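Report on the structure given below.
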Amino acid sequence: MSELRIQRNRGFAVARRQTAGRTEKTAGSQPVREKTGLNVSETLRQLLTRAGQAEQQIRESRRTLQTGESALAAAGDSLGRMAETARQAAAGGDPDALQTEFHRLVEEIDRILSSAVSGGTRLFLDGEGDGADGLLAAIAEASSGGQPEKPLPDWLAEALGQKDLTPEKILSALGLDQSAGAADILAALMDRPLENGGAAAYLAALYLGSVIAGAPEDPAAALEGLGQLLEKMGEGLSVDEAVEELTHGTFTSLEDFQAQFTGGTAPGMETFMTNLLLTGETVTLMDLEVLLALLSQMGRMDLDMALLSLLDQLELHQTLGAGPEPEPMNGRSNPAAAGEAAGGGKTAVLDCGPVRVLGRDLSAVSWDEGTGVLTVKGTAVLLGTGEELPVLRLAGGGTVTLQNVRAAVLHTDGQSQAAVFGRNVLGEIRMGPGAGLTLEGGGFVRIGGLRGGASNTLRLTGGGAVLAEDPEKETPPVRVILEGPVSLAAGSGAVVSGPKGAALKPFDVIWKTLLPGWAAVTSMEAGGRQVKTALLNGDPARLWLDRGDRGAPVHVLVLRGRDANGQPKTRYAYLHWNQHTGCFEECSMYPNPFAVTGGEAGRDWTYEEHTHTLCIRSSRVTGISGGRGTDSNQTPFSGRIALDDGIGTLALALGGVVCRVSQGRAFSLGRGNDVTLTLESGSRNLFESGEGCAGLSLGEGTSLRIDRGESAGGGRTPEGSLTAIGRGGGAGIGRDSGGSRDQTSRILIRGGAVTAAGHGGGAGIGAGKNGTMGPVTILGGTVESTGEKGGGAGIGGGLGAAVGSISIQGGKITAMAAGHAAAIGAGVQGACGDIRIAGTARIVKALGGDPGADIGACLFGGCGTVQVSADIGNARLRTRSGISLKAGEHTVTLPQFRLSAAALGLDRLSLATREEARAAQAAIDAGRRWVAGVQSAYGALYGQLGGSGSLWPSAGGGLLRNTVDAGALLRELREAIALQTPGLTGGEREQVRQLLR
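Structure follows, in C-alpha cells:
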C-alpha cells in the first residue's frame, strides 16, 4: 500500500456526503443542524488559526535558538584556535606574528557574536560578564522549571503498560502460590515499594481504579475508575487532588494511597485480592478502547506521550484467567489424572457429595461415601455446596482452603493448617493429643464446640470467628492463640492469648452504638491491620487485645463505612485497659492541642484526632492558640489547621500557634476564602509544612491579609510574629508545589513581624514550584522572606511559576534568593507582573541569586515594568528579561547573555612574553568554559521548546503508512472539534461527529 501522507499544519477539507436518509430530515431539525454546522465551521477555523500561529511561533523560536547556537559554535572554534596560538607563544613561537593572528581572532569573535540577531534584537550583549560560577546550576533549574510535572508517577504509568498477567503469574511474582490466602497476599505486599513496578504496582493500579469507580471489591471496575482519574486530571486537577476527590477522602493523596496500600490498611483490599486472585473466576476488565477514547478527548491535559504508548501496548479485552477448566472426577481421585496435575497439568476435581475438592495433586485425598468421612492430606481447595459434610479429617502436609464449607466435625491428630474464605460452619473441632490447628485467611468461621485439652492449640491468624459457649467444655480448655488481626467472639471461659503467651482481654465492637448515624461498616482495622467485619452484620465483633503490664498500650481501631446518604465515613477509636473496671475503654490518644475562641465545637469547628487537625467550619471562630500537644504515651506531637472551602470572609486572631508537621499542610486556608490573620501582640506563631506544601497554603481564589494586633493598654508590648516555612517546592506563604495556574489568590501584609522561607523552588512569599500566585502587596510590618535553593524568588515567582504584580508601599523589607532568582520579582522561569516600590517602604536588603537580579527579572525569568520611588539601598534593578520564545501557550525565556571579546576579557590579553602567553591560556580556557555553559543553556531551552504540545491530536507523528493509523487520527480530529465547539448539547455534539464522518 502506498504511503498516506497527512500534513497537520495545514487546513483540510471535509468531504460532504449525503444519503437519502439524511435528506429526509424534518424541517424542524434544519435550524439546529444549521447552527451546528456554523459552530463546527467556526471552531474548525479557530483551531486551524491557532494551530498555524503556534507552528509559526515554534519555527521562529527555533530559528532564534539556531542562530545563537551557530554563533556559539563558531565562537568556540575561534577560541580553540586562540588557545593553540597562545600555546605556541608560550612555547617560544614568533610573538609578533602570533599576536597579529590572536588579534584577528578576537575581532572575528566580536563580529560573530554581534551579528547574532533575532528580530532586530542582539542575542549576546557587550559589557562585563555575568560570571560563569553557578551558571550550570541555573540552567538545571531553568530546565526543570519550564517543564510541567509528570501527571502520573512512573509506577502507575508502567502498571498500565503491563499485559499477559494471570493470577498465577501475579502470585508467583509475590513469592506465593495457589494455596495462598488473602492474608498472605497482604503480607507479601507489605512495605513493597511500588516504584519497583511489577505485580505490586499492577495490583495497586487495579485497586485504585476499583475504589474510584465505587466498587472497591470489584476488579472489573478498575479501568473505568482509572479513566475517571485521567478525566479529572484533564480538567486541571493534580493527581493528588483527583485522588482525594474521586475517593471521597478515603485517600488524601497518591502518597497516602501508596502508604495505605503497601501497609495493608486500605479498605476492602482483602476482599479485592480474594476476588481477583483466589476465586478461580475469570475477571474481564473494561474494554480498553473506551479508556483510550477518553484519553484522546482530554485536550487540556499535557499527558505524557509515554503513557499513551504504554496504554497502546495493553491487549484489548485483557482478562485475568484461572487456567483451563478443571476436569471433574467422581469418588476416589483418578491416579493418572492426579499424576498429570502434579506434573503441572490440569487442575483435578473430586466430587465428594457436600463438597468439591480441587487441587494439582489429589492422590492423598479420599472420600468414603458410606461413612461420610473426607480425608485430606496435602494442599487442596474445598468448595461447599450448601450441604453438611459429616466428617472432615485433616492429615497435614499442606494448607487446606475452606470456602463456604459446612462440616459436622473437623478432626485432626497432628499439626494442620486451613485457610477460610466465605462463611464456614464447623459443628465441632476435635483434636488428638498434642494436635494443633491453624486457621488463616480472610473468611468467617462459626465453631460450635472445641474438643481437646491443655496440649492442644487453636491458632487464628486472620478473618473472623465465633466460638460458641460449650456446656460440656473440657478442663483445662483448649488454648486459643491469636496472631494478627482477628475478630473472635468467644465465651467468658475461653483462654485466649497472644503469640508470645500474654493473656488477651476482649473489646466488643457494637457498631450501631459506637457509630451513631452510620448505615454500614465496610472495613475495620486494629493495630494497622484489616479485621474481618463479617461479625458486624450479626454478632458483635470481639477483638482480643493485649492489656499490657504497666500503663496499658493504646490500641488504634479504625472503622470505615457509609452514612444514610451513602457518604464515606471514618472513625478512629483509641482503646486502653482500665485496671479499675477490668475492661477496655475508649480514650483520647491525641487530645486537642488547640484553644479555640468563638463558635461551637462540633458545628463551627471540629478536631480530627487521627490527623491532629483543627477543622474550621465557619466564620464564627475568631481566635486560635496552641498547637503543640502530648499524646497518651507522653510523646510530643503537632497539630495542624485547615479551613473548609467556601467559608467566605473570616478573621482569626493568632495568639501563639505552633504547627510543625512532616507531611501535608501546617495551615491550609482552603479555597474561595477571604482570610485575615491578626498577630496578637507578643505572640509567636510558627507554621512549617511537609514536602510539596506551603507553610501558609492558599487554595484557588483565596485571599490572605496579615495584620498586627493592638497592644493591650497602649504599652510597649512587642508586635506579634509569624514564621512560615514551605518544603519541597512549597512557598513559605502562598501556593503549594504543583498547584493550579489560577492567579486569583492574593496576599496582603499590613503589619507584624513576618518571616517566610520557601524551599525547592518555592518563593518565600508568592508562588510555589509550578504553582502560580496572584498579586502580592506589602503595606507595613517587618518582612523577611527567602527563596532557598531551587529557583524561587524571595518575594515573587517560583520555579516555573508566575506571580502577579508586586506592590511594596510600606514596611521594612529583607528579601533574598539563593537559587539564581530575583530577591523581589521573577523566579527561574517564573515571571512576575509589574513591580512598584513606593511610599514609606524601605528595602533593608535585597540580594538575588547569582547570576540574577535583586529586584526585577532574573537570568531565566522576566517581569513587567519596575517603578521605584522609595529607599532600596544597594539593590540592583534588572528589567531586562531576555527574549521570549513562544510555542502556543508555552513560553520560555532566552537570556541575553553578556558574551563578547570584552566580556570574556580577550581584548586585554597579550602574547608578548611567555608568561603573558601562559596567562592568556588560562583566560581563554575560562572563556571556553563560559561559552560551553551558554551552549548548554541553549540546549536546555531548545529541549523545552521541543516538548511543547500541538493543538492537534497526534497518531505518533511522521508519515502515516496505513489506513488504520489515518483513520485513528481522523477520529481524534473529529472528537477534538466536537469537544471544542462551544454551545452544543450532547445531541448536537453527536451531530457534529456524524457531520464530519
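So for the sequence shown, my numbering puts the first residue at 6; every next one is plus one. Think of the CB as a built atom: it goes at the ideal place given N, C-alpha and C, for glycine as much as any other residue. Keep in mind it's a predicted model, so treat the numbers as computed, not measured.
CB of residue i within 7 angstroms of CB of residue j, strictly
i              : j                 : result
arginine 676   : glycine 632       : no
glycine 383    : glycine 403       : yes
isoleucine 840 : isoleucine 811    : yes
threonine 939  : phenylalanine 902 : The displayed chain sequence assigns valine, not threonine, to residue 939. Contact: yes.
glycine 797    : glycine 803       : yes
alanine 470    : valine 501        : no
glycine 830    : glycine 869       : no
glycine 441    : glutamine 422     : no
glycine 1022   : glycine 446       : Examination of residue 1022 is not possible in this model, given that the chain is present from 6 through 1002 alone.
leucine 399    : valine 360        : no
aspartate 418  : glycine 448       : no
arginine 622   : aspartate 649     : yes
Contacts around residue i, its chain only, beta-carbon distance under 6 angstroms, and the 5 residues preceding and following it disregarded
i              : result
glutamine 265  : Ala271
isoleucine 752 : Leu709, Val781
serine 959     : Residue placement at serine 959 is flagged as unreliable, the pLDDT there being 45, under the threshold of 50; a coordinate-derived value is accordingly withheld.
serine 83      : Leu110, Glu113, Ile114
lysine 794     : Ala823, Gly824
serine 915     : Glu921
Residue environment, residue i, which counts as buried when at least 16 other CB atoms sit within 10 Å
i              : result
asparagine 461 : buried
glutamate 920  : exposed
serine 694     : buried
threonine 777  : buried
lysine 505     : exposed
arginine 68    : exposed
glutamine 61   : exposed
alanine 851    : buried
glycine 348    : Confidence in glycine 348 is poor, its pLDDT being 40 and thus under 50, which makes the residue's placement too unreliable to answer from.
glutamine 263  : buried
glutamine 408  : buried
glycine 124    : exposed
Own chain partners of residue i with C-beta closer than 7 angstroms, once the 5 adjacent residues on each side are dropped
i             : result
arginine 1    : Outside the modelled stretch of the chain, which goes from 6 to 1002, sits residue 1, for which no answer is possible.
aspartate 317 : Low confidence applies here, because aspartate 317 scores a pLDDT of 34, under 50, leaving its location unreliable; read the following figure in that light. Excluding positions up to five away in sequence, the list is empty.
Distance between residue j and residue i (C-alpha atoms, nearest Å)
i              : j             : result
alanine 206    : glutamate 200 : 7 angstroms
alanine 928    : threonine 72  : 26 angstroms
serine 1004    : glycine 733   : The chain is shown from 6 up to 1002; residue 1004 falls before or after that span and cannot be answered.
alanine 822    : alanine 80    : 33 angstroms
glycine 214    : glycine 765   : 32 angstroms
arginine 365   : glycine 180   : 18 angstroms
leucine 208    : alanine 473   : 38 angstroms
proline 158    : alanine 699   : 22 angstroms
leucine 659    : arginine 565  : 34 angstroms
threonine 1003 : leucine 355   : Residue 1003 is absent from the structure shown; the chain starts at 6 and stops at 1002.
proline 900    : valine 833    : 11 angstroms
glycine 706    : alanine 729   : 20 angstroms
serine 401     : valine 425    : Looking at the sequence provided, one finds glycine at residue 401 rather than serine. Rounded to the nearest angstrom, the two C-alpha atoms are 16 angstroms apart.
alanine 459    : glycine 439   : 9 angstroms
Residues near residue i in its chain [Cβ-Cβ closer than 8 angstroms; skip 5 each side]
i            : result
glycine 377  : Gly358, Leu394, Pro395, Val396
alanine 88   : Gln926, Ile929, Asp930, Arg933
glycine 634  : Tyr595, Pro596, Asn597, Pro598, His617, Pro641, Phe642, Ser643, Gly644
arginine 755 : Arg710, Ile711, Asp712, Arg713, Leu784, Gly785, Gly786
Range covered by the alpha helix (DSSP H) that runs through residue i
i             : result
glutamate 246 : 244 to 251
arginine 109  : 100 to 119
tyrosine 212  : 203 to 217
lysine 174    : 172 to 178
glutamate 260 : 259 to 267
Residue i: first and last residue of the uninterrupted beta strand (DSSP E) it sits in
i                 : result
leucine 852       : 847 to 852
alanine 758       : 758 to 763
glutamate 696     : 689 to 696
phenylalanine 277 : Counting along the chain, phenylalanine 277 falls outside any beta strand (DSSP E), though it belongs to the alpha helix (DSSP H) covering 274 to 278.
glutamine 422     : 420 to 426
aspartate 712     : 708 to 713
lysine 774        : Element bounds for lysine 774: n/a, residue is neither H nor E.
leucine 363       : 360 to 364
Residue i: CB within 6 angstroms of a non-hydrogen atom of the ligand NAP
i             : result
aspartate 131 : The ligand NAP is not part of this structure, which contains no ligands at all.
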